[in-house]
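There are 2 protein chains.
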Amino acid sequence: MDRVALKERTREHAPAMAARPPLPLGQILDGDCIEAMRALPSASVDMVFADPPYNLQLGGDLARPDGSHVDAVTQDWDKFDSFAAYDAFTRAWLAEARRVLKPDGSLWVIGSYHNIFRVGAILQDMGFWILNDIVWRKANPMPNFKGTRFTNAHETLIWASMGEKARYTFNYRAMKTLNDELQMRSDWVLPICGGQERIRKGGAKAHPTQKPEALLYRVMLATTNKGDVVLDPFFGTGTTGAVARRLGREWIGCEREPVYRDVARERIEMALPLDESSLKTMQSARTAPKVAFGLLVETGWIAAGTQVFDRKGRHRATVRADGSLVSGDADGSIHGLGAKLQGAPSCNGWTFWHIEHQGEVKPVDAIRQLYLLATEP
Amino acid sequence: MDRVALKERTREHAPAMAARPPLPLGQILDGDCIEAMRALPSASVDMVFADPPYNLQLGGDLARPDGSHVDAVTQDWDKFDSFAAYDAFTRAWLAEARRVLKPDGSLWVIGSYHNIFRVGAILQDMGFWILNDIVWRKANPMPNFKGTRFTNAHETLIWASMGEKARYTFNYRAMKTLNDELQMRSDWVLPICGGQERIRKGGAKAHPTQKPEALLYRVMLATTNKGDVVLDPFFGTGTTGAVARRLGREWIGCEREPVYRDVARERIEMALPLDESSLKTMQSARTAPKVAFGLLVETGWIAAGTQVFDRKGRHRATVRADGSLVSGDADGSIHGLGAKLQGAPSCNGWTFWHIEHQGEVKPVDAIRQLYLLATEP
DNA sequence: ATTTTGCGTGAATCGTACG
DNA sequence: ACGTACGATTCACGCAAAA
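Sequences listed follow chains A and L, in order. Once you know that position 110 of the first sequence is 110 in full-length UniProt numbering, the rest is easy, because the numbers rise by one and skip nothing. Once you know that position 278 of the second sequence is 278 in full-length UniProt numbering, the rest is easy, because the numbers rise by one and skip nothing.
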C-alpha cells in the first residue's frame, strides 16, 4: 500500500507506550459521540468517517407538483440554534476525532452546502490538511419541485490528513483499477441509497439519511488497508460498519439513538466478509480498457468473491474488491488476466469472462449492459 | 424573469435617494479591489461574480484590510496566521461586495478546496444565504502526476442571495431549455479554458487561471436579466466582461495588474453582443403573459357548461360563465375546487382538470397554450 | 411468462401579491 | 406583520400491478 509524504512528529500524537485500554472493535458506543470518543485512547484509529448532522434549516412543508408530501429531515438531531452553536458542536467532535486518530490516519467528512463550508474551515483551523474534496454526484437526486434553484444533485466529502507533512494511505493502484485504468477523479457518480439496500421498518425508512454502501466502499478501499480501524462517530444504521466488515477492516461506531443501534447491529451481522483473495488489491501497473469493471463490483452488480470463467470452462478466476481478477498466482484486470491465461497478446475480458447470473451463464459484458441500461440512458 | 421570495428591507441597503454617483459601466477600475469597490455607490449592482486568489501562500496577492503586507517568507510559516490573513482579506472584499449589491442581487464565488470552505463559512456569517453550491466538473482536468491523491477534477462555485428572505433572479425556464428540457443540476460539465479561447502573450498563457466563457455564460444567463449590472472584483483577463457584453449585461471590473487590464480591454472590444432576438430566453409560466381561466371561457375557447374532470375520472365539474367550477355542492376556481375535492392544501388546476378536445383528453393547460399561440404577437 | 404502466419517493435551507 | 387568495411546479429508479 502506498504511504505518502513524511511522517509527522507531533507531541500531541505520540502514542502512549504504556498499557493502553483495549479498543472496542466491532462495537457501537452508546450516547453522545463526543463523550463516547473520550473513552477511546489517543492515536488509536486509522480513519474517521463522519456523516454529521447537516443543519438543514428547512422551512415549512414541501409538496410535489402532484400534491404528495416530501418526507423531510425533521429529526431533533439536525436542529441547532445558530451557526455558532453548530460550529461549537463541530469543533468538539472534530477535536476528539483528531485526538483518537493516529498521526498517519485520515479523516473523511460528508456534508452539503448547509454545513460543509463551516466544517471545512474549522478542520483546516485545527491543523487537518485537506487532501481532496470529493463530489458525490447523485445519479438520481430529488428534483427542485418549485423551480426556484438548481437541482441540488450532489454532496461533498472532505478527505484530510492530520497535517501538511503527515503520511497517509492512498491505494492509488486500487483506485485506478477500480476506474478501469484511469486515475480516479474527485467527482464520483453513484446512485443514492434505495431499493433493497435501503433499510425500512414497517414500510418507512429506518433512517432519513442512509448513505449508499458503494460510497463507503470506495472511501475505505482508497484510504485504508486491511485490518485498519475505522471509527464512525455518527454511525446511524451502520453503513460504515457493514462495509468495513465486507472489506476486512475493523470498526467502531458511536450512535445515541437506540433504534439506529439495533438496526445497525442486525445489518452488520448479515454483511458477509469477502475472502482473502478478493481483498488483495492490485499493487502493480496494468493496462486495460473503458467502462469500469470496478464500478460493477463497487455497486454490487458483481460481488467481490464471485467466480468468473471462460465459456469452455478452461479458466477460472475470482473477482477482487478493486475489480481485478485473481487466478492461482496470476492476477490482472479482466482483460490482462484473460490474455495472460490464454497466452494471447490481448483479450477482451468483457466477452471472455462469464458469470452465472440468475441461473444463466452470461458474459460479464451482459452485466455491464444491464448496469448501463439501469443507470445511463 | 423570475423573482423569488419577498423583498428584503434592511437599513444597510436602503438606496440613497439623493443624487448618486454614476456607475462606471464598462470600465476596469485600477488598484486594490477593496479600495476600488469603495468608490461605488451602495446597493447599485445586480450581481457580483468573484474569482478570488485560491492559494493561501501567494503572499504577494494577500494584503490585510489595513493594507499591510502579509509576510509569507519563512518556509515553516504559521498556517493559522496565514488562514487568519486570508480570512481577513475575504471578509474585507465580501463586505464591500455586500454593500454594493442591491437587496435583490446575488453573489457568485468560485474556488477550490484550498479556499472555498473559508469563503463559504464567512459569507454565511455575513448574512449571505447560500442558494446552491455548483460543481464545475472539468471535462479535461490536469491529472495527478504523482499518483498521491484523486485527480482534482472540479472546482466549486457558491451562489448566494443577500439574505434568507431576499428576492433573487433565477431564470428557471432558460436553464431548463439549456439543459434539454431537464432541470439544470448543481453539477456542470464544462471543458477548461484552452485552444482559441485561451489568451496567450508570446506563446505563454496571459493569465494562469482564465475561466471558460461557457461558465460565465451559464452563471449570467441563469441569475441576471438583460441590462443588469455585473461587478467582478477580480477581473483578470475579463471573461466576465466579455460574456456580459455578449449577453447584453452591463459590467464593471476591478483589476490591479495593468497587463491584465490591457488584455481584458482588447478582448472585450472584440466580443460581439448578441442581437435582441437571440437574447430572448424561454420564460416560465410565472412571467409569461397571464391568462386567467375565465378569459378562456370569455373568449369561447372553453364554453360555459363544459364538463371537466381529473385524469383518473374521480372528480367531475362544470364550467360556469364566470370561469369558476361547480361540482355538486362545492364550487371555486380551478385551483381552489381541485384542492377542495382532493383535500389537498393546494392544486394546480391547469394540469389537474382535463377536457375533451377534438376527441382527445387534454389538460386545460393545453387549451391555454393554444390560446397563447393564437394570440402571440 | 414477459412487457408495460403506474406509483411511491429521495439530506430540500422550494412562491407572490394584495389587503 | 400578518392572513388570504391565486397559481406554478418534478427526475430517476425501484417495485408492484396490470396487460
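Heads up, the beta-carbon is just placed ideally off N, CA and C, and yes, glycines get one too. All values reported here derive from a predicted model rather than from experimental measurement.
Is the beta carbon of residue 78(A) sitting closer than 7 angstroms to the one on residue 56(A)? Here residue 78(A) is taken as the residue at index 78 of the first sequence, counted from 1. Here residue 56(A) is taken as the residue at index 56 of the first sequence, counted from 1. Annotated as proximal: residue 78(A) and residue 56(A), with beta-carbon spacing under 7 angstroms.
Is residue 173(A) near the ligand NAD, judged by its Cβ being under 6 angstroms from some heavy atom? The model depicted lacks the ligand NAD and carries no ligand whatsoever.
Specify the secondary structure class of residue 16(A) as computed by DSSP and reduced to three states. For the purposes of this step, residue 16(A) is taken as residue 16 along the first sequence, with counting starting at 1. Residue placement at residue 16(A) is flagged as unreliable, the pLDDT there being 49, under the threshold of 50; a coordinate-derived value is accordingly withheld.
Tell me, please, which residues DSSP counts as bridged to residue 151(A). Translated into positions along the first sequence, residue 151(A) becomes position 151. Its beta-bridge partners are 185(L).
What residues from chain A crowd round residue 131(L), counting only those whose CB sits closer than 7 angstroms? Within the second sequence, the letter at position 131 stands for residue 131(L). Near residue 131(L) (Cβ distances below 7 angstroms), the residues of chain A are 149.
Unbroken alpha helix (DSSP H) runs of length 4 or more, entirely within the UniProt domain "RAMA" (275–372) of chain A: which are they? 276–279, 293–298, 334–342, 349–352
Could you check whether residue 100(A) and residue 45(A) sit closer than 7 angstroms to each other, using their CB atoms as the reference points? Working through the first sequence from its first residue, we reach residue 45(A) at position 45. Working through the first sequence from its first residue, we reach residue 100(A) at position 100. Result yes, Cβ atoms of residue 45(A) and residue 100(A) sit closer than 7 angstroms.
Hey, how far is the Cα of residue 107(L) from the Cα of residue 131(L)? As a first step, residue 107(L) must be located in the second sequence, where it is residue number 107. As a first step, residue 131(L) must be located in the second sequence, where it is residue number 131. Going from the Cα of residue 107(L) to the Cα of residue 131(L) covers about 10 angstroms.
Is the CB-CB distance between residue 260(A) and residue 236(A) below 7 angstroms? To locate residue 260(A), count along the first sequence from 1; it is residue 260. To locate residue 236(A), count along the first sequence from 1; it is residue 236. Their beta carbons are under 7 angstroms apart, which means residue 260(A) touches residue 236(A) by this criterion.
Please go through the same chain and pick out, in chain order, the residues whose beta-carbon is closer than 6 angstroms to the beta-carbon of residue 7(L), but skip the five residues on each side of it. Against the second sequence, residue 7(L) aligns to sequence position 7. With a pLDDT of 32 at residue 7(L), under the threshold of 50, the modelled position of this residue cannot be trusted, and the question is left open.
Rounded to the nearest angstrom, how far is the Cβ of residue 187(L) from that of residue 137(L), given a contact under 8 angstroms? Residue mapping note: residue 187(L) aligns to position 187 of the second sequence, counting from 1. Residue mapping note: residue 137(L) aligns to position 137 of the second sequence, counting from 1. Yes, they are in contact, since the Cβ atoms of residue 187(L) and residue 137(L) sit about 6 angstroms apart, within 8 angstroms.
Answer yes or no: does any C-beta atom of chain L fall closer than 7 angstroms to that of residue 342(A)? To locate residue 342(A), count along the first sequence from 1; it is residue 342. Judged by the 7 angstroms Cβ criterion, residue 342(A) is not in contact with chain L.
Taking 7 angstroms as the threshold (beta carbon to beta carbon), is residue 89(L) in contact with chain A? Within the second sequence, numbered from 1, the residue matching residue 89(L) stands at position 89. Output row for residue 89(L): interface = no.
Exposed unless 16 or more other CB atoms sit within 10 angstroms - verdict on residue 296(A): Position 296 of the first sequence, counting from 1, holds the residue named residue 296(A). Buried.
Opening and closing residue of the alpha helix (DSSP H) in which residue 48(L) lies: Taking the first residue of the second sequence as 1, we reach residue 48(L) at position 48. Where residue 48(L) is concerned, there is no enclosing alpha helix (DSSP H), although the beta strand (DSSP E) it sits in stretches over 45–50.
Any C-beta of chain L under 7 angstroms from that of residue 186(A): In the first sequence, residue 186(A) corresponds to position 186, counting from 1. Contact with chain L is found for residue 186(A), since one of that chain's Cβ atoms lies less than 7 angstroms from the residue's Cβ.
How many Å lie between residue 121(A) and residue 221(A) at the Cα? Along the first sequence, one-based indexing puts residue 121(A) at 121. Along the first sequence, one-based indexing puts residue 221(A) at 221. Those two C-alpha atoms are separated by around 26 angstroms.
Taking the C-alpha atoms as reference points, what is the distance between residue 98(A) and residue 253(A)? Residue 98(A) sits at position 98 when you count from the first residue of the first sequence. Residue 253(A) sits at position 253 when you count from the first residue of the first sequence. Cα to Cα, residue 98(A) sits roughly 16 angstroms from residue 253(A).
Quick one: what's got a C-beta closer than 7 angstroms to residue 219(L)'s C-beta in the same chain, skipping five residues either side? In the second sequence, residue 219(L) corresponds to position 219, counting from 1. The residues are 49, 108.
Just to confirm my understanding: we take residue 323(L), look at its own chain, exclude 5 residues before and 5 after, and list those with CB closer than 6 angstroms. What are they? As a position in the second sequence, residue 323(L) is number 323, starting the count at 1. Result list for residue 323(L): 293, 294, 297, in chain order.
Under 6 angstroms Cβ to Cβ from residue 315(L), same chain only, skipping five residues before and after it: list those, please. Mapped onto the second sequence, residue 315(L) falls at position 315. Result list for residue 315(L): 341, in chain order.
Same chain, Cβ closer than 7 angstroms to residue 304(A), five either side skipped, listed in chain order: The residue given as residue 304(A) occupies position 304 in the first sequence. Correct list, in chain order: 274, 278, 297, 319, 320, 321.
Helix, strand or coil, according to DSSP, for residue 27(L) in the structure here? Here residue 27(L) is taken as the residue at index 27 of the second sequence, counted from 1. In this structure, residue 27(L) counts as strand in the three-state DSSP scheme.
Should residue 152(A) be flagged as near chain L, meaning a C-beta pair shorter than 7 angstroms? Against the first sequence, residue 152(A) aligns to sequence position 152. Closer than 7 angstroms to some Cβ of chain L, the Cβ of residue 152(A) qualifies, so yes.
Just checking: is the beta-carbon of residue 137(A) within a distance shorter than 7 angstroms of some beta-carbon in chain L? What you label residue 137(A) is simply residue 137 of the first sequence in a count that begins at 1. It does; some Cβ of chain L falls within 7 angstroms.
Cβ of residue 118(A) within 7 angstroms of any chain L Cβ: Your numbering for residue 118(A) matches position 118 in the first sequence. Closer than 7 angstroms: yes.
Tell whether a beta-carbon distance below 7 angstroms holds between residue 226(L) and residue 248(L). Looking up residue 226(L) in the second sequence gives position 226. Looking up residue 248(L) in the second sequence gives position 248. Contact flag set, yes.
Compare the C-beta of residue 387(L) with all C-beta atoms of chain A and state if any pair is closer than 7 angstroms. For residue 387(L) there is no data in the structure shown, the boundaries of chain L being 1 and 377.
Closer than 7 angstroms to chain A by CB, residue 172(L): Here residue 172(L) refers to the residue found at position 172 of the second sequence. Taking Cβ atoms only, chain A reaches closer than 7 angstroms to residue 172(L), which makes this a yes.
Quick one: what's residue 137(A) bridged to in DSSP? Counting from one through the first sequence, the residue named residue 137(A) turns up at place 137. BP columns for residue 137(A) point to 154(A), 189(A).
Element boundaries [beta strand (DSSP E), containing residue 230(A)]: Position 230 of the first sequence, counting from 1, holds the residue named residue 230(A). 229–232 is the extent of the beta strand (DSSP E) around residue 230(A).
Mind pulling the chain A residues with CB within less than 9 angstroms of residue 193(L)? In the second sequence, counting from the first residue as 1, residue 193(L) sits at position 193. By Cβ distance, chain A contributes nothing, its closest Cβ being about 19 angstroms from residue 193(L), past 9 angstroms.
Distance, residue 194(A) Cα to residue 134(A) Cα: As a position in the first sequence, residue 134(A) is number 134, starting the count at 1. As a position in the first sequence, residue 194(A) is number 194, starting the count at 1. C-alpha separation (whole angstroms): 21 angstroms.
For residue 125(L), the three-state DSSP class (helix, strand or coil): Indexing the second sequence from 1 puts residue 125(L) at position 125. Correct three-state label for residue 125(L): helix.
is_contact[residue 183(L), chain A] using C-beta, thresh 7 angstroms: Along the second sequence, one-based indexing puts residue 183(L) at 183. Yes - at least one Cβ of chain A is within 7 angstroms of the one on residue 183(L).
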